[in-house]
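Structure first, then comments.
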Amino acid sequence: MTQLSHDELVELERIAIESALEAAELVRQRPDDLGIEVKSSRTDVVTLVDAASEKLLVQRIRELRPQDGFYGEEEADTRAQSPLTWVLDPIDGTVNFLYDYPLYAVSVAVVEGDPRIPGQWRPIAGAVADVPAGSVYHARTGGGAYLRRDGNDERLSVTGSSDLGTSLVATGFGYDAQKRGRQARVLMHVLPQIRDIRRGGSAALDLCHVAQGRLDGYYEMGINPWDMAAGWLVLTEAGGLATGAHGAPPSSECVIAAGATLHPALAELVQDGLQHF
Ligand code: IPD
Ligand code: CA
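Taking this note's numbering, the leading residue of the sequence shown gets 15, the next gets one more, and so forth.
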């Protein structure tokens, strides 16, 4: 892994925060005609705003970091000429955005390694701008995790929960009907063992909410690097842990996230569910 100086990391975090906030401002303007199109299935939509947000992110970051690569949910896919790649979700929670249901975010992370290869990359700085709330979660390796609201940074830390039975856990579902069937069966296994379940609709915010202690845990099968990159770092820097099943790195197959004291029990429960269904 590359050795970046403290000042370089601070600068990368600053770029992540500022670009995420600028894109969030664009998303907030919400034109009357969202220009909706479908992607992988009838329920998987993309709007003109997703495309415009990603374009803005790439433009802004490229001006400052011409050697770095880009990997985004919509179009961005440029190989890096440096050790760093920016992983972008221009709107995480697009369905919420469509309905103006107030849980959607812009997620910007800079990672080392190749985000296209599971287990071969890790985030080193990132920001998740909560668009309706007008706030931004941010972190850099070794620097702690923060929520910036009205210009003030509040340090984040996960809950100290270790009891699954009283834990509030979020999850999510993909756009493919068949995959959803399996996700529902795993959920049937998980739900009786926990306090309750939440389905927020933005994986990036789910991870930040675990970091903030608004949730005790989160798990999901089938999310993408851009959904998780920044939130994963925010969570880790808040004292949490995100893994795949059986201690693998988090990946599109599975992400299990919680405070360090709850993670082993949640991982066991989810793994058990995956094994049976
Ligand atoms: C989705 C959200 C959702 C999760 C889905 C993701 P998108 O991202 O993060 O919470 O359950 O798996 O695809 O499509 O809104 O960018
Ligand atoms: Ca997403």
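Ideal Cβ placement from N, Cα and C applies to all residues, glycine included.
It should be emphasised that the depicted structure is a prediction, and the values quoted were computed from it without experimental measurement.
Length at least 3, wholly inside the segment 96-176: the beta strand (DSSP E) runs in chain order: The segment 96-176 contains these whole beta strand (DSSP E) runs: 98-106, 119-127, 135-144, 149-154, 159-163, 166-169.
Where the alpha helix (DSSP H) containing THR250 begins and where it ends: Its alpha helix (DSSP H) spans residues 239-251.
Coarse secondary structure for ALA90, derived from DSSP in three states: Note: ALA90 maps to coil in three-state DSSP.
Cβ neighbours of LEU70 in the same chain (closer than 7 Å, five flanking residues each side left out): Result list for LEU70: GLU36, ALA37, LEU40, in chain order.
Residues with C-beta closer than 7 Å to any heavy atom of ligand 1, in chain order: Going down the chain, each residue whose beta-carbon is closer than 7 Å to a heavy atom of ligand 1 shows up: ASP58, GLU87, ASP103, ILE105, ASP106, GLY107, THR108, VAL109, GLY186, PHE187, GLY188, TYR189, GLY214, GLY215, SER216, ALA217, ALA218, ASP220, GLU234, GLY236, ILE237, ASN238, ASP241.
Cα-Cα separation between PRO130 and THR275, rounded to whole angstroms: Checking the sequence, you will find Arg at residue 130 rather than Pro. Taking the straight line joining both Cα atoms gives about 30 Å.
Same chain, Cβ closer than 7 Å to SER175, neighbours up to 5 away in sequence not counted: Excluding positions up to five away in sequence, the list reads SER181, ASP230, GLY273, THR275, LEU276.
Reference TYR115, options ASP91, GLY127, ASP144, ALA244, closest by Cα: Selected option, being the one with the closest Cα: ASP144.
Limits of the unbroken alpha helix (DSSP H) element including GLY287: Note, GLY287: alpha helix (DSSP H), 277-290.
Helix, strand or coil at LEU48 [DSSP, three-state]: The three-state secondary structure of LEU48, taken from DSSP, is coil.
Selected residue, minimal CA-CA separation from GLU51, among TRP240, SER149, GLU88: When only C-alpha atoms are compared, the closest one is GLU88.
Option in GLN95, THR99, TYR118, PRO97 with minimal Cα separation from ILE105: Checked all of GLN95, THR99, TYR118, PRO97; the closest Cα to ILE105 is TYR118.
Paired residues, beta bridge with GLY254 - DSSP: Partner(s): GLY273.
Coil, strand or helix - ARG212 by DSSP: Taken through DSSP and simplified to helix, strand or coil, ARG212 comes out as strand.
Classification of ARG42 by the beta-carbon crowding that lies within 10 angstroms, buried from 16 upward: Exposed, since its Cβ has fewer than 16 Cβ neighbours within 10 Å.
Spatial distance of ARG169 from ARG163 (CA atoms): Each residue's Cα considered, the two are about 11 Å apart.
GLU25 - containing alpha helix (DSSP H), residue span: Unbroken alpha helix (DSSP H) run through GLU25: 20-43.
Residue of THR185, GLN226, LEU247 minimising C-alpha distance to GLY157: Of the candidates THR185, GLN226, LEU247, the one whose C-alpha sits nearest the C-alpha of GLY157 is LEU247.
Cβ-based neighbour list, HIS290, same chain, cut-off 7 Å, excluding 5 preceding and 5 following: Around HIS290: HIS203.
DSSP bridge partner residues for TYR232 (one or two, in chain order): TYR232 has ALA184, ALA271 as its beta-bridge partners, per DSSP.
heavy atom of ligand 2 below 8 Å from SER121 C-beta: Indeed, a heavy atom of ligand 2 lies less than 8 Å from the Cβ.
Beta carbon of ALA30 nearer than 9 Å to that of ALA191: Not a contact, by the Cβ cut-off of 9 Å.
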